[in-house]
Amino acid sequence: MKAEDLLEILAERPFQPIRLHLEGGRVHEIRHPEMAIVTEALVAIGMPRDDESGMAEKVRLCSLPHVVEVEPIEVAP
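The structure is reproduced here in structure tokens:
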């Protein structure tokens, strides 16, 4: 996946949460566009804590060339 393509998806309004499927079967969710920082080759995804603090518990780095699918996450109304 190209950085520009992911940035375009993250900029859509209203934002639709997504799942990134990576080579090897790993899957990461981006539920808010603020959770992702995109560089030319990587996306850093903040993994939220279980509380309502808005803070990340950890950060996952994903290589953009290894993203094989972007899937919208259906959100309950």
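So my numbering is basically just the index in the sequence shown, starting at one, shifted up by 12. Every residue, glycine too, gets a C-beta built ideally from N, C-alpha and C.
Discussion item. Would you call the segment 20-30 in contact with the segment 39-47, where contact means no fewer than 3 C-beta pairs closer than 8 Å?
Written reply: yes
Worksheet item: Would you say Ala53 and Ser75 are within 8 Å of each other, going by their C-beta atoms?
Response: yes
Fill in: Local conformation of Met67 per DSSP, three classes
coil
Practice prompt. Check each candidate in Thr51, Leu19 and Asp17 and name the one with the smallest Cα separation from Leu73.
Written response: Measuring from the Cα of Leu73, the nearest candidate turns out to be Thr51.
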